[in-house]
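In UniProt numbering, the protein residues as written are 1 to 486.
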């Protein structure tokens with residue numbers, strides 16, 4: 001893995017829901033935009049790991065990633081400032097300028113040539129699928145968003161104009177500098193995305209932190225978390241960026257989680273629909289599974305629900321959405337951080353993601369006929385895709401996670417009342433009626449009687465181990481199916 005050692009990620013793919021209310025389960029969601037299909041076939045909601053194992057292996061601490069998809073395939077490539085092209089920026093401490101310092105002084109041709117070599121190095125395969133995230137945070141492409149310490153880019157841009165034409169006033173130079181800055185930033189960023197798409201079309205390209213909602217102020221008593229009209233207008237100005245991106249990578253934090261997450265993700269999904277494509281662009285949300293003010297404490301299962309589920313439900317338009325969880329292994333010493341993460345995985349996160357990934361798969365298979373993903377009818381509701389504990393159990397054996405059980409007809413009717421279906425591009429996924437759900441359930445039960453043992457053998461469990469699993473829960477369910485994380 002060639003990712004930078006200073007940042008460690010694991011990714012939690014998720015989907016979001018549609019604010020679209022209907023009273024009949026048979027009505028087809030015709031006006032919902034289609035979405036691109038899942039990254040992994042028949043799996044609308046997956047989890048994939050992207051943290052270097054060597055970080056914890058040096059302490060002989062193994063991390064149980066069996067609940068995750070794509071391990072050790074690590075398909076997320078993160079391009080920092082020094083890993084893609086010749087990124088013009090300024091070191092704020094030393095005031096040293098790199099590659100011209102400001103976008104107007106950048107050598108676009110040389111930068112793209114360097115980027116070509118970088119992409120070949122960091123993504124050697126031309127056929128693999130994955131995520132490509134460009135992490136350029138020193139300046140923002142819209143002039144007015146370079147506030148605080150980033151004002152230095154405005155100052156140098158104005159000076160650059162006045163050096164070329166001493167007759168201009170500061171006001172005149174500022175107008176011209178803004179135009180030059182935004183044009184150069186656009187050419188550089190869209191050029192990188194175009195190159196990435198051309199060289200690695202199977203990767204989903206976009207910039208980290210885009211779009212942003214800037215919905216700070218969560219300590220205010222009347223905080224709503226909504227993105228301001230000005231922010232939405234500015235995001236509309238970045239249409240060129242959304243048209244150039246094949247994925248969006250916004251970031252959220254955990255203060256007033258539901259409000260912040262819901263509105264930030266909803267704004268990301270809003271701009272994903274701006275280009276007017278036949279299928280909306282996927283949105284991948286960066287999130288920490290720790291508290292901002294206490295990065296030594298991981299989220300409990302109820303806290304996971306409060307933070308992750310608004311992400312799944314905050315969307316007006318949705319595509320394959322992944323939550324990329326930033327894990328700050330900063331507890332001193334590092335060994336304690338790895339030990340804490342290892343315990344958190346086995347005790348909390350792995351069982352939780354096994355639950356929700358299976359729930360998403362079940363809803364897709366039964367309600368959406370396997371041709372789409374489930375989205376809430378009312379994104380503000382508290383209806384979440386969790387397995388009914390009276391119908392299912394999560395089992396962990398030999399570092400493998402299984403879900404044992406079968407949905408009841410009442411479970412499926414509940415899904416029908418609360419969720420609609422968003423179809424994958426080119427497919428039909430009209431939600432099943434109650435009668436159709438009953439038939440599908442009967443067929444599933446009959447099929448499961450013949451498929452459970454092959455499913456368990458597929459993940460390497462012998463007859464004795466299979467028998468142990470069945471004996472544990474034999475009395476729990478009349479009709480038991482096995483969902484294996486394979």
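Quick reminder that beta carbons are idealized off the backbone N, C-alpha and C, glycines included.
Subject >> N-terminal and C-terminal residue of the beta strand (DSSP E) that residue 392 is part of >> reply: Translated into positions along the chain shown, residue 392 becomes position 392. Run containing residue 392: 392 to 397, per the beta strand (DSSP E) assignment.
Original post:
Where residue 428 and residue 36 are concerned, what is the direct C-alpha to C-alpha distance, given to the nearest angstrom?
Top reply: In the chain shown, the residue the question calls residue 428 occupies position 428. In the chain shown, the residue the question calls residue 36 occupies position 36. The straight-line gap from Cα to Cα measures roughly 13 Å.
Original post:
From residue 60 to residue 391, what does the alpha carbon distance come to, in whole angstroms?
Top reply: As a first step, residue 60 is located in the chain shown; it is residue number 60 there, counting from the start. As a first step, residue 391 is located in the chain shown; it is residue number 391 there, counting from the start. Spanning the alpha carbons of residue 60 and residue 391 requires a straight line of approximately 38 Å.
**OP:** Over the uninterrupted beta strand (DSSP E) stretch that includes residue 203, give me the two end residues.
**Re:** By 1-based counting over the chain shown, the position of residue 203 is 203. First-last of the beta strand (DSSP E) with residue 203: 203 to 207.
Original post:
Which partner residues does residue 81 have in the DSSP bridge list?
Top reply: What you label residue 81 is simply residue 81 of the chain shown in a count that begins at 1. Paired residue(s): none; residue 81 is not in a bridge.
Original post:
Would you say residue 338 and residue 431 are within 8 Å of each other, going by their C-beta atoms?
Top reply: Position 338 of the chain shown holds residue 338. Position 431 of the chain shown holds residue 431. In terms of Cβ geometry, residue 338 and residue 431 do not form a close pair [threshold 8 Å].
**OP:** Helix, strand or coil for residue 421, going by three-state DSSP, please let me know.
**Re:** Translated into positions along the chain shown, residue 421 becomes position 421. It is a strand residue.
Original post:
Can you give the beta carbon distance from residue 250 to residue 268, rounded, assuming they're within the 8 Å contact cut?
Top reply: For this step, residue 250 is matched to residue 250 along the chain shown. For this step, residue 268 is matched to residue 268 along the chain shown. Correct: roughly 4 Å between the Cβ atoms.
Subject >> Beta-carbon gap between residue 204 and residue 132 smaller than 8 Å >> reply: Looking up residue 204 in the chain shown gives position 204. Looking up residue 132 in the chain shown gives position 132. Taking the C-beta atoms as reference points, residue 132 is found nearer than 8 Å to residue 204.
Original post:
Among 33, 401, 126, 196, which residue has its Cα nearest to the Cα of residue 85?
Top reply: Translated into positions along the chain shown, residue 85 becomes position 85. The candidate whose alpha carbon is nearest that of residue 85 is 196.
Original post:
With 16 as the cutoff for other CB atoms within 10 Å, does residue 399 come out buried or exposed?
Top reply: Looking up residue 399 in the chain shown gives position 399. Exposed, because fewer than 16 other Cβ atoms sit within 10 Å of the Cβ of residue 399.
Subject >> Residue of 88, 116, 335, 416 minimising C-alpha distance to residue 137 >> reply: Position 137 of the chain shown, counted from the first residue, corresponds to residue 137. Minimum Cα-Cα distance from residue 137 among the listed residues 88, 116, 335, 416 corresponds to 88.
Subject >> Exposed unless 16 or more other CB atoms sit within 10 angstroms - verdict on residue 222 >> reply: One-based indexing of the chain shown puts residue 222 at position 222. Here residue 222 is exposed, its C-beta having fewer than 16 other C-beta atoms within 10 Å.
**OP:** Answer with buried or exposed for residue 78, where buried requires no fewer than 16 other C-beta atoms within 10 angstroms of its C-beta.
**Re:** Looking up residue 78 in the chain shown gives position 78. With 16 or more Cβ atoms within 10 Å of its Cβ, residue 78 is classed as buried.
Original post:
If you follow the alpha helix (DSSP H) that residue 353 is part of, which residue opens it and which one closes it?
Top reply: Within the chain shown, numbered from 1, the residue matching residue 353 stands at position 353. Under the DSSP assignment, residue 353 falls in the alpha helix (DSSP H) whose first and last residues are 350 to 367.
Original post:
Counting Cβ pairs closer than 8 Å, one from the stretch 151 to 171 and one from the stretch 95 to 104, do we hit at least three?
Top reply: Three or more Cβ pairs drawn from the stretch 151 to 171 and the stretch 95 to 104 lie within less than 8 Å of each other, which places the two stretches in contact.
**OP:** Determine the extent of the beta strand (DSSP E) in which residue 196 is found, giving its start and end residues.
**Re:** Your numbering for residue 196 matches position 196 in the chain shown. Secondary structure note for residue 196: it is in no beta strand (DSSP E), and the uninterrupted alpha helix (DSSP H) holding it is 170 to 199.
**OP:** Since I believe residue 361 is in contact with residue 43 (beta carbons under 8 Å), could you give me their beta-carbon distance rounded to a whole number of angstroms?
**Re:** Looking up residue 43 in the chain shown gives position 43. Looking up residue 361 in the chain shown gives position 361. In this structure residue 43 touches residue 361 by the C-beta definition: roughly 6 Å separates them, less than 8 Å.
Original post:
Smallest Cα separation from residue 445: which of 408, 217, 403, 381?
Top reply: Looking up residue 445 in the chain shown gives position 445. Considering only 408, 217, 403, 381, the residue with the shortest C-alpha distance to residue 445 is 408.
Subject >> Alpha carbon of residue 9 to alpha carbon of residue 388, nearest angstrom >> reply: Stepping through the chain shown from its first residue, residue 9 is reached at position 9. Stepping through the chain shown from its first residue, residue 388 is reached at position 388. Confidence at residue 9 is low in this model, with a pLDDT of 36, below 50, so its placement is unreliable and the value that follows should be read with caution. Separation of residue 9 and residue 388 (C-alpha to C-alpha, rounded to the nearest whole angstrom) is 30 Å.
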